[in-house]
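Position one of the sequence shown corresponds to residue 434 (my numbering), numbered consecutively onward. Ideal Cβ positions, reconstructed from N, Cα and C, are used throughout, including at glycine.
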Amino acid sequence: MKILLLGVQKIKFMPYIDFYLSNLDTEQHDIHLLYWNRDKQEDVAITENITLHEFSHVQEDEVSKIRKIKGFIKYRRRALELIRKERFDFIIVLNTATGFLVQDLLWSTYRKKYIYDYRDPTHENLFWYKWLVGRIARHSHVTFVSSDGFRKFLPLYEHIHTSHNLISEALLKREIRNQQQRTQNPIRIRYWGMIRDEEMNKALINKLANDLRFELHYNGRMQKTGKNLQNFCREQQINNVFFHGSYLPDERYQFIEETDILHNVYKEDKLLSQAMGNKFYDGVIHYIPQILTAGSFMGAKGSESGTGIEYDPQDPDFADKLYHYYTSMNWNEFIRNCDSCLDQILTEYSQGQQMLWNIFDTHPEPVQHSKATS
């Protein structure tokens, strides 16, 4: 079968493609990937036997939607040309923006011959956009949602299933943080990924500013928000916040070893508060306690599973509570909580694997993981 994975980001910013690439037989199928290189800098290499198609067009993420239109029109043109030329048998649509750009082709030529990977809702509060998302899901062979919280934005179709943003390679490196000393002074809090949500991060920085008990580290792309936060720290003479810039996926394991608490807080948002971010899985896999947005779907999961603490930006005593949370941690209990949470995640993940294997007649080895040694 000739299969196209279709995404509108660089490869290194689409870690969720691991779910597909690790469960497709690259010897049995002819697999292609169209990705968007938005900064014309080097991307990560894919070692699998996959044909790569790069769409290269400079596009900053933190600009108005009007300024993005030209790039998206060009991407659509490139995608349609590729699809018509290669005559793919099946398409894997890696998010809603991608599906929106080729919706006419999905509903006609590829009806029931595509997978819709639904993540990061944006305008579902608008009736026409929610209807569009529902229609893309309706005509898909399977729709995977990256969070059960997203189901409220979709019709009740039986072919909608939960996926998880696991990186299978990470399961082989579960112990890298657990093997390091837990007692740290100062306690190192770390965010990784694209730096967003300026006002929320300013509020968090202010809670921890120049508190000798903590360091706050940011690893990720320094676009407008990252630069503004860095300037804010300079202007306020905040000396315990550090910005390390962009990183390659494999470099993540290095700073995971140097992380005591995972910063997994995002602004309160009616749509995005239903998300399950990639970092949640990083925290559970690598036994790192995390701070999460109070009242969010992910925050509730962290609290219920005992793998994190919810953050209230209005709480004046947050720093003291966070310090007490970490220094009074029962690590054996926390490790058991992470293992239990991951077992539940992997059960659903394996169900998604089975669906892919059935669709593409593929039977690789199932994902396995180790548990902490005491």
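| query | In chain order, which continuous runs of the alpha helix (DSSP H) of length 4 or greater are located wholly inside the stretch 497-570? | reply | Counting only runs of 4 or more, we get 498-519, 529-534, 536-540.
| query | Does DSSP put residue 451 in a helix, in a strand, or in coil? | reply | Taking the sequence shown and counting its residues from 1, the one referred to as residue 451 is at position 18. Residue state for residue 451 is assigned as helix, using DSSP reduced to three classes.
| query | Out of 626, 466, 740, which has the shortest C-alpha to C-alpha gap to residue 444? | reply | Residue mapping note: residue 444 aligns to position 11 of the sequence shown, counting from 1. Measuring from the Cα of residue 444, the nearest candidate turns out to be 466.
| request: Check whether the stretch 587-606 touches the stretch 775-791, taking contact to mean three or more Cβ pairs, one atom from each stretch, closer than 8 Å. | output: By the Cβ rule, the stretch 587-606 counts as touching the stretch 775-791, because three or more pairs are nearer than 8 Å.
| said: My assumption, with CB atoms under 8 Å, is that residue 788 sits in contact with residue 575. Please give the rounded CB distance. | reply: Walking along the sequence shown from the start, residue 788 turns up at place 355. Walking along the sequence shown from the start, residue 575 turns up at place 142. Contact between residue 788 and residue 575 holds, since their C-beta atoms are separated by about 6 Å, short of 8 Å.
| message | Strictly by DSSP, which residues pair up with residue 469? | response | Your numbering for residue 469 matches position 36 in the sequence shown. Answer by DSSP bridge pairing, in chain order: 488.
| query | Applying the criterion that 16 or more other CB atoms from any shown protein chain within 10 Å of the CB defines a buried residue, is residue 625 buried or exposed? | reply | Position 192 of the sequence shown, counted from the first residue, corresponds to residue 625. It counts as buried.
| Considering only C-alpha positions, which residue in the set 683, 526, 557, 743 is nearest to residue 548? | Here the question's residue 548 lines up with position 115 in the sequence shown. That would be 526, whose Cα lies nearest to the Cα of residue 548.
| query | Between the Cα of residue 447 and the Cα atoms of 552, 460, 462, which residue gives the shortest distance? | reply | Locating residue 447 in the sequence shown gives position 14, where the first residue counts as 1. The shortest Cα separation from residue 447 among 552, 460, 462 belongs to 552.
| message | So, does the stretch 756-765 touch the stretch 648-665, judging by three or more C-beta pairs under 8 Å? | response | No: fewer than three Cβ pairs fall under 8 Å.
| Among 546, 540, 488, which one has its Cα closest to the Cα of residue 395? | The shown model of the chain, from 434 to 807, leaves out residue 395, and the question about it has no answer.
| field | Buried/exposed call for residue 456, threshold 16 Cβ in 10 Å | value | If you number the sequence shown from 1, residue 456 lands on position 23. It counts as buried.
| field | 6 Å Cβ shell around residue 779 - same chain, five flanking residues per side excluded | value | Here residue 779 corresponds to residue number 346 of the sequence shown, with the count starting at 1. Hits under 6 Å: none found.
| message | I need the straight-line Cα distance from residue 529 to residue 672, nearest angstrom please. | response | Here the question's residue 529 lines up with position 96 in the sequence shown. Here the question's residue 672 lines up with position 239 in the sequence shown. In a straight line, the C-alpha of residue 529 is about 40 Å away from that of residue 672.
| request: Name the one or two DSSP bridge partners that residue 578 has. | output: Mapped onto the sequence shown, residue 578 falls at position 145. 551, 595, per the DSSP bridge assignment.
| task | Within its chain, find whatever has a CB closer than 6 Å to the CB of residue 554; leave out the 5 residues flanking it on each side and keep chain order. | result | As a position in the sequence shown, residue 554 is number 121, starting the count at 1. Close CB contacts of residue 554 within its chain, under the 6 Å cut and outside five residues either way in sequence, are with 586, 704 (chain order).
| query | Considering only residues of the same chain and omitting the five flanking positions on each side of residue 519, which have a CB-CB separation below 8 Å? | reply | For this step, residue 519 is matched to residue 86 along the sequence shown. Only 435, 437, 465 meet the Cβ criterion.
| Residue environment, residue 715, which counts as buried when at least 16 other CB atoms sit within 10 Å | The residue labelled residue 715 in the question sits at position 282 within the sequence shown. Burial state of residue 715 is buried, judged by a 10 Å Cβ sphere holding 16 or more other Cβ atoms.
| field | Three-way DSSP call (helix, strand, coil) for residue 807 in this model | value | Translated into the one-based positions of the sequence shown, residue 807 becomes position 374. With a pLDDT of only 44 at residue 807, under the threshold of 50, the placement of this residue in the model should not be trusted; the figure read from the coordinates follows. Coil, per DSSP.
| Alpha-carbon to alpha-carbon, residue 772 and residue 807 | Start at 1 with the first residue of the sequence shown, and residue 807 comes out as number 374. Start at 1 with the first residue of the sequence shown, and residue 772 comes out as number 339. Caution applies to residue 807, whose pLDDT of 44 falls short of 50 and renders its modelled position unreliable; the value that the coordinates give is listed next. Our two residues, residue 807 and residue 772, have alpha carbons roughly 13 Å apart in a direct line.
| query | Among the residues of its own chain, which have a CB less than 6 Å from the CB of residue 522, if the five just before and after it don't count? | reply | Position 89 of the sequence shown holds residue 522. Taken in chain order, the residues that qualify are 434, 435.
| message | If you measure between the beta carbons of residue 718 and residue 607, is that distance less than 7 Å? | response | Against the sequence shown, residue 718 aligns to sequence position 285. Against the sequence shown, residue 607 aligns to sequence position 174. Yes, they are a contact pair.
| Mapping DSSP to helix, strand and coil, what is residue 770? | Sequence index remark: in the sequence shown, residue 770 carries index 337 (1-based). In the structure shown, residue 770 falls within a helical segment according to DSSP collapsed to helix, strand and coil.
| Minimum C-alpha distance to residue 599 - residue among 618, 700, 501, 712 | As a first step, residue 599 must be located in the sequence shown, where it is residue number 166. Comparing Cα-Cα distances from residue 599 to each of 618, 700, 501, 712, the minimum goes to 712.
| Cβ of residue 627 within 7 Å of Cβ of residue 654? | As a first step, residue 627 is located in the sequence shown; it is residue number 194 there, counting from the start. As a first step, residue 654 is located in the sequence shown; it is residue number 221 there, counting from the start. Judged by their CB atoms, residue 627 and residue 654 are nearer to each other than the 7 Å cut-off.
| Which whole runs of the alpha helix (DSSP H) in the stretch 648-677 are 4 residues long or more, in chain order? | Segments of the alpha helix (DSSP H) lying fully in the stretch 648-677: 657-668.
| For residue 536, the nearest candidate out of 770, 568, 558 (CA to CA) | Taking the first residue of the sequence shown as position 1, residue 536 is located at position 103. Selected option, being the one with the closest Cα: 568.
| What residue does the alpha helix (DSSP H) around residue 756 start on, and which one ends it? | Residue 756 sits at position 323 when you count from the first residue of the sequence shown. Per DSSP, the continuous alpha helix (DSSP H) segment holding residue 756 begins and ends at 751-760.
| query | How close, in whole Å, do the beta carbons of residue 610 and residue 689 come, if the pair is a contact with beta carbons under 8 Å? | reply | Your numbering for residue 610 matches position 177 in the sequence shown. Your numbering for residue 689 matches position 256 in the sequence shown. Rounded, the Cβ-Cβ distance is 6 Å, consistent with contact.
| From residue 460 to residue 515, what does the alpha carbon distance come to, in whole angstroms? | One-based indexing of the sequence shown puts residue 460 at position 27. One-based indexing of the sequence shown puts residue 515 at position 82. In a straight line, the C-alpha of residue 460 is about 21 Å away from that of residue 515.
| message | One question on the structure: do residue 524 and residue 439 come within less than 7 Å of each other, judged by their Cβ atoms? | response | Stepping through the sequence shown from its first residue, residue 524 is reached at position 91. Stepping through the sequence shown from its first residue, residue 439 is reached at position 6. Cβ atoms of residue 524 and residue 439: closer than 7 Å.
| query | Among the residues of its own chain, which have a CB less than 8 Å from the CB of residue 481, if the five just before and after it don't count? | reply | Indexing the sequence shown from 1 puts residue 481 at position 48. Only residues of its own chain outside the window of five on either side were considered, and among them 454, 459, 464 have a CB closer than 8 Å to the CB of residue 481, listed in chain order.
| Closest by CA to residue 558, which one among 546, 746, 583? | Taking the first residue of the sequence shown as position 1, residue 558 is located at position 125. Answer by Cα proximity: 583.
| query | Counting along the chain, where does the alpha helix (DSSP H) carrying residue 687 start and finish? | reply | Position 254 of the sequence shown holds residue 687. 685-689 is the span of the alpha helix (DSSP H), which, as asked, contains residue 687.
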